[in-house]
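Colleague: Can you read through this structure? Questions will come right after.
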Amino acid sequence: MESGSGDNGGIVISAPGKVILHGEHAVVYGKVALAVSLNLRTYLELKDTENNEVRLDLPDIELHRVWKLEDMSVIFESFTGGDITQPGPPTSEQLAHLKELAGIKKEEDSEVKYLAVIAFLYIYLGICSHKRKSKLPSLCLRVNSNLPTGAGLGSSAAFSVCLASSLLTYCGAVKTLDVEKESHFGRWSQENLETINNWAYEAERIIHGTPSGIDNSISTYGGAINFRRITDKDGKVTPKIVPLERVPLLRILLVNTKVPRSTKVLVANVRKKLEKYPDIIGPILDSIEGIANTCEKLFADSGDNNDNTAAIEELEELIDINQHHLASIGVSHPALQQVCQISAKYGLHCKLTGAGGGGCAVTLLRKDTSQGSIDEIQKELKSIGFDCWETSIGGPGVTLHRNIHRELSEGASAAIPKALLEGL
Ligand code: PMV
Numbered sequence: 001m002e003s004g005s006g007d008n009g010g011i012v013i014s015a016p017g018k019v020i021l022h023g024e025h026a027v028v029y030g031k032v033a034l035a036v037s038l039n040l041r042t043y044l045e046l047k048d049t050e051n052n053e054v055r056l057d058l059p060d061i062e063l064h065r066v067w068k069l070e071d072m073s074v075i076f077e078s079f080t081g082g083d084i085t086q087p088g089p090p091t092s093e094q095l096a097h098l099k100e101l102a103g104i105k106k107e108e109d110s111e112v113k114y115l116a117v118i119a120f121l122y123i124y125l126g127i128c129s130h131k132r133k134s135k136l137p138s139l140c141l142r143v144n145s146n147l148p149t150g151a152g153l154g155s156s157a158a159f160s161v162c163l164a165s166s167l168l169t170y171c172g173a174v175k176t177l178d179v180e181k182e183s184h185f186g187r188w189s190q191e192n193l194e195t196i197n198n199w200a201y202e203a204e205r206i207i208h209g210t211p212s213g214i215d216n217s218i219s220t221y222g223g224a225i226n227f228r229r230i231t232d233k234d235g236k237v238t239p240k241i242v243p244l245e246r247v248p249l250l251r252i253l254l255v256n257t258k259v260p261r262s263t264k265v266l267v268a269n270v271r272k273k274l275e276k277y278p279d280i281i282g283p284i285l286d287s288i289e290g291i292a293n294t295c296e297k298l299f300a301d302s303g304d305n306n307d308n309t310a311a312i313e314e315l316e317e318l319i320d321i322n323q324h325h326l327a328s329i330g331v332s333h334p335a336l337q338q339v340c341q342i343s344a345k346y347g348l349h350c351k352l353t354g355a356g357g358g359g360c361a362v363t364l365l366r367k368d369t370s371q372g373s374i375d376e377i378q379k380e381l382k383s384i385g386f387d388c389w390e391t392s393i394g395g396p397g398v399t400l401h402r403n404i405h406r407e408l409s410e411g412a413s414a415a416i417p418k419a420l421l422e423g424l
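Numbering (the numbering used here), first residue to last: 1 to 424.
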């Protein structure tokens, strides 16, 4: 097994969350969206065990499950075969097995936990039965995250990317690059990243229904991407991911309204509206794509020049227009409007990010926004129960941590969840 954490022979992997700058919802219909990775990450530790069990611990959502390998042996066969680089969704027979194995009734558990378990089982069985033809491995996986769940920051995608990359790496289906051997961090070839992304997308499909794939892509590749789904004449969908060459250093205030929402429900509601009013909703989605394209061009033209006031003003205008569009297709929320109003009081511009309906908003900070104003606005937002982070965007994608203790001693501790370290 590839060494990850360095001490116990396990694998430690992290993957970032994301914000969508522009293009949410429109991206589901093949339009362009711009996404950037966040410096808030999910960490997964995978350990070999000898107890003939598979254990999944997600302490952040109080989910702890153990399966005996012998209970999986019955369905093991139905997962073998196929091309490991091109996974597809589970068949109805496989899904029925997975639901039974999940051992929880949807109505007895939260939807999030139920779907996370099904997605885990699919990835585990799908990858491990490919590579270990005779026997499934006995493993313990623990996931800790800095990302709030269900808030539009791609927490499920970061979870899916961590699962896919750790199990593919463990089984030897993907390998970190030799050139990275001496580094604390391991990364994979473009081809291997595609395989990781494909599996993560299948997990996302289980969790979200018909996601565009933007969340798992930005979590896999990191940085900033122009993302589009291309559908060929046979209806096959492939993501087209183009890394952005230039992104000005943007400071943002990320605000979590903590209003719960479901991406699946919001995407389905927009679809219903589009079907009912194609001539009205269609052009709004086209316009959202226009905003994403204009924003990308603005980035390319302004480059690293953060003093470009005209460009910042244009970015602010685009944010305002998009927020109004998203509200008009029904995905804003009074709490998100409140964040926009409070931001406006300080002369700042804000839009929801992700599926909307609650969750998170992004406020663009200006170069000349004083720390005093940022503290004030944060105080005001926190006083009404919202969480805020002043954060940076564009960090690395999925990463193998060869020596997390060393990283700690070198000052990365703030980014690594404490609970993860306690267990290492
Ligand atoms: O809120 P999130 O992180 O689930 O993002 C959803 C983004 C949508 O465009 C609304 C859906 C999608 O799959 O792209």
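C-beta: ideal position from N, C-alpha, C; glycine also. Everything numeric in this text was worked out from a predicted model, so none of it was measured.
With DSSP collapsed to three states, give me the class of H64.
Modeller: Numbered from its first residue, the sequence shown carries residue 64 at position 64. Under the three-state reduction of DSSP output, H64 falls in the strand class.
Colleague: When you measure from the CB of E313 to every non-hydrogen atom of ligand 1, does any distance come out below 7 Å?
Modeller: What you label residue 313 is simply residue 313 of the sequence shown in a count that begins at 1. Flag unset: Cβ of E313 not near ligand 1.
Colleague: On the DSSP letters alone, give me the boundaries of the alpha helix (DSSP H) that E53 sits inside.
Modeller: Translated into positions along the sequence shown, residue 53 becomes position 53. From DSSP, E53 is part of no alpha helix (DSSP H) but of the beta strand (DSSP E) over E53 to L58.
Colleague: According to DSSP, is V12 helix, strand or coil?
Modeller: Residue mapping note: residue 12 aligns to position 12 of the sequence shown, counting from 1. Residue state for V12 is assigned as strand, using DSSP reduced to three classes.
Colleague: If we call anything under 8 Å between Cβ atoms a contact, is C360 one with T369?
Modeller: Working through the sequence shown from its first residue, we reach residue 360 at position 360. Working through the sequence shown from its first residue, we reach residue 369 at position 369. No; because the gap between Cβ atoms is not below 8 Å, this pair is not in contact.
Colleague: Check G347 in the structure and name its three-state DSSP category.
Modeller: Position 347 of the sequence shown, counting from 1, holds the residue named residue 347. If DSSP states are grouped into helix, strand and coil, G347 belongs with coil.
Colleague: Based on the DSSP secondary-structure assignment, which residues constitute the bridge partners of L400?
Modeller: Start at 1 with the first residue of the sequence shown, and residue 400 comes out as number 400. Looking at the DSSP assignment, L400 forms a beta bridge with I13 and G186.
Colleague: Give a yes or no on whether the C-beta atoms belonging to T220 and A203 are separated by under 8 Å.
Modeller: For this step, residue 220 is matched to residue 220 along the sequence shown. For this step, residue 203 is matched to residue 203 along the sequence shown. The answer is no: Cβ separation not under 8 Å.
Colleague: In this structure, how does DSSP classify Y267 when only helix, strand and coil are distinguished?
Modeller: The residue given as residue 267 occupies position 267 in the sequence shown. For the record, residue 267 in the displayed sequence is Val; it is not Tyr. Looking at V267 - three-state DSSP - the assignment turns out to be helix.
Colleague: Could you check what DSSP says for L46 in three-state terms: helix, strand or coil?
Modeller: Numbered from its first residue, the sequence shown carries residue 46 at position 46. Residue state, collapsed to three classes: strand.
Colleague: Ligand 1 heavy atoms versus the CB of A200: any closer than 7 Å?
Modeller: Here residue 200 refers to the residue found at position 200 of the sequence shown. False, no ligand heavy atom lies under 7 Å from that Cβ.
Colleague: Thinking C-alpha only, which one of G222, L298 and A102 is nearest R55?
Modeller: Indexing the sequence shown from 1 puts residue 55 at position 55. Nearest C-alpha to R55: A102.
Colleague: Give the straight-line distance between the Cα atoms of A96 and G126, rounded to the nearest whole angstrom.
Modeller: Start at 1 with the first residue of the sequence shown, and residue 96 comes out as number 96. Start at 1 with the first residue of the sequence shown, and residue 126 comes out as number 126. Cα-Cα distance, rounded: 15 Å.
Colleague: For F227, which three-state DSSP category applies?
Modeller: As a first step, residue 227 must be located in the sequence shown, where it is residue number 227. Collapsing the DSSP output to three states places F227 in a strand.
Colleague: With three or more beta-carbon pairs closer than 8 Å as the criterion, would you say the region 134-144 touches the region 43-54?
Modeller: Flag = yes, the region 134-144 and the region 43-54 touch.
Colleague: Can you tell me whether V32 sits near ligand 1, meaning its C-beta is under 7 Å from at least one heavy atom of the ligand?
Modeller: Taking the sequence shown and counting its residues from 1, the one referred to as residue 32 is at position 32. Not so, every heavy atom of ligand 1 lies at least 7 Å from the Cβ.
Colleague: Using the C-alpha atoms, what's the distance from R229 back to A33?
Modeller: Here residue 33 refers to the residue found at position 33 of the sequence shown. Here residue 229 refers to the residue found at position 229 of the sequence shown. C-alpha separation (whole angstroms): 10 Å.
Colleague: Measure the C-alpha to C-alpha separation of H349 and L168 and round it to an integer number of angstroms.
Modeller: Position 349 of the sequence shown, counting from 1, holds the residue named residue 349. Position 168 of the sequence shown, counting from 1, holds the residue named residue 168. Distance between the alpha carbons of H349 and L168 is about 42 Å.
Colleague: Is V362 buried or exposed, if buried means 16 or more other CB atoms sit within 10 Å of its CB?
Modeller: The residue given as residue 362 occupies position 362 in the sequence shown. V362 is buried by the Cβ-count criterion.
Colleague: Going by CA-CA distance only, name the one from G223, N216, K258 and K233 that's closest to P239.
Modeller: Position 239 of the sequence shown, counted from the start, is the residue given in the question as residue 239. The option with the nearest alpha carbon to P239 is N216.
Colleague: Got a sec: does ligand 1 put a non-hydrogen atom nearer than 7 Å to the Cβ of D215?
Modeller: Here the question's residue 215 lines up with position 215 in the sequence shown. Correct: D215 has its Cβ closer than 7 Å to ligand 1.
Colleague: Is the Cβ of V143 closer than 8 Å to any Cβ of chain D?
Modeller: The structure shown contains no chain D; it holds only a single protein chain.
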